[in-house]
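Residue numbers (the UniProt record's numbering): 1 to 416. Ideal Cβ placement from N, Cα and C applies to all residues, glycine included.
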């Protein structure tokens, strides 16, 4: 008797989300997964990713040698995130240490992506494949690319990011939740060699090897050590009330000084601005998020990661939520053997994952208002800030991933 054919899964998007999904699927003998990346090579834009304890648990499901992988990627242990006041009558006051008992890891995006993709066969990694069209057929999905080529699969997982095209196929092109919306913040970021950053920010702060956030009246400075202690990530994120801006433009020192005028008397603020302009002009990028989608699935097509639930960075959960998506998808696909069961898997994924990601998107947005000193009834009062922040990370960090997976599998069995 001939063996049943493998289930063919196409992943659109070769960033961290797409790589994590492929990593979750490629070792399953009944599945053949292909990743289609629009760029000429697999690479990650942006800077470092903070991986809290829940992200590490999820990664551990995908990467057996997790600690070795972190070492290869130059990850730095972060004891906690310390939130400080940089403006107002309490400037210099510590507000809270987040995740003090559950150390996180800070790792450069490109290094993490490399590690996730490393074991996947090269003939499953396809570059310069910008998706042009998706056609759902009776028992398959047809992918058409802008270079004129085509691919067929039993299912398509869109992990093509916040500005990707698969979301429009899932929701319909004219749906109000298709396009991302400006979230109300702008980020100015740069990476600085450790020695030069230490000269500007001070050895005492950087030696603590934790992320610091300095709250001004309408924004926050963030710095953390990355790349095995070789570089320091410097980010200034002011509230941006002009929501019509460009995605990415250079900025100047005058912009930064105006945005953070309320805290320039504090040495750390001047040091952050000085460090940001040491070697190159930092870039300005609007922060975007998605309106919550009513579904992540349409037939044999689903979305995951930022394509499904792009969020603000305030609770450091974008990558973690994408990796959780990958783990759940991997666990569900492990339960089936027939291409005819694909739609049940995707429906179950949607039912299980969407409520959690929706909650994180909403929590992150409000957390950003607190961390920018503009939350109603909180302002720059350190006691009120502490009370508003102390319980915000519990549902994220203490998440029962194993129970979540078991619930997903039970739901799939019930649907079947």
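Under 8 Å between C-beta atoms of residue i and residue j
{"i": "residue 304", "j": "residue 49", "result": "no"}
{"i": "residue 401", "j": "residue 58", "result": "yes"}
{"i": "residue 157", "j": "residue 11", "result": "yes"}
{"i": "residue 409", "j": "residue 341", "result": "no"}
{"i": "residue 185", "j": "residue 239", "result": "yes"}
{"i": "residue 181", "j": "residue 289", "result": "yes"}
{"i": "residue 44", "j": "residue 109", "result": "yes"}
{"i": "residue 211", "j": "residue 78", "result": "yes"}
{"i": "residue 205", "j": "residue 214", "result": "no"}
{"i": "residue 326", "j": "residue 23", "result": "yes"}
{"i": "residue 20", "j": "residue 360", "result": "no"}
{"i": "residue 13", "j": "residue 113", "result": "no"}
Which listed residue (the options) has its alpha carbon closest to that of residue i
{"i": "residue 7", "options": "18, 27 and 106", "result": "27"}
{"i": "residue 226", "options": "192, 201 and 252", "result": "192"}
{"i": "residue 300", "options": "152, 22, 89 and 121", "result": "152"}
{"i": "residue 187", "options": "384, 252, 231 and 35", "result": "252"}
{"i": "residue 97", "options": "390, 394 and 397", "result": "390"}
{"i": "residue 106", "options": "139, 338, 223 and 61", "result": "223"}
{"i": "residue 103", "options": "109, 80 and 266", "result": "80"}
{"i": "residue 133", "options": "173, 112 and 108", "result": "173"}
{"i": "residue 287", "options": "269, 323, 314 and 276", "result": "314"}
{"i": "residue 395", "options": "329, 321 and 379", "result": "321"}
{"i": "residue 256", "options": "14, 218, 291 and 121", "result": "218"}
{"i": "residue 333", "options": "407, 205, 350 and 30", "result": "30"}
{"i": "residue 196", "options": "278, 147 and 357", "result": "278"}
Delimiting residues of the beta strand (DSSP E) encompassing residue i
{"i": "residue 237", "result": "231-238"}
{"i": "residue 193", "result": "181-193"}
{"i": "residue 211", "result": "211-216"}
Opening and closing residue of the alpha helix (DSSP H) in which residue i lies
{"i": "residue 272", "result": "267-276"}
{"i": "residue 379", "result": "Here residue 379 belongs to no alpha helix (DSSP H), and DSSP marks it neither H nor E."}
{"i": "residue 134", "result": "Premise fails: residue 134 lies in the beta strand (DSSP E), 131-136, not in any alpha helix (DSSP H)."}
{"i": "residue 205", "result": "203-207"}
Residues near residue i in its chain [Cβ-Cβ closer than 6 Å; skip 5 each side]
{"i": "residue 127", "result": "37, 40 and 41"}
{"i": "residue 125", "result": "35"}
{"i": "residue 155", "result": "9, 300 and 342"}
Beta-carbon proximity list for residue i, same chain, < 8 Å, skipping 5 on both sides
{"i": "residue 115", "result": "63, 69, 72 and 73"}
Cutoff 7 Å; reference residue i; Cβ partners in own chain excluding five residues on either side
{"i": "residue 413", "result": "none"}
{"i": "residue 167", "result": "158, 178, 303 and 307"}
{"i": "residue 382", "result": "85, 90, 93 and 95"}
{"i": "residue 228", "result": "74 and 76"}
{"i": "residue 316", "result": "50 and 52"}
{"i": "residue 411", "result": "348, 351 and 352"}
{"i": "residue 1", "result": "Because the pLDDT at residue 1 is just 47, under 50, the model does not fix this residue reliably, and the value given afterwards should be weighed accordingly. Nothing listed; no residue qualifies."}
{"i": "residue 165", "result": "131"}
- Message: Does the contact criterion of 3 or more C-beta pairs under 8 Å hold for the segment 262-269 versus the segment 87-105?
- Response: yes
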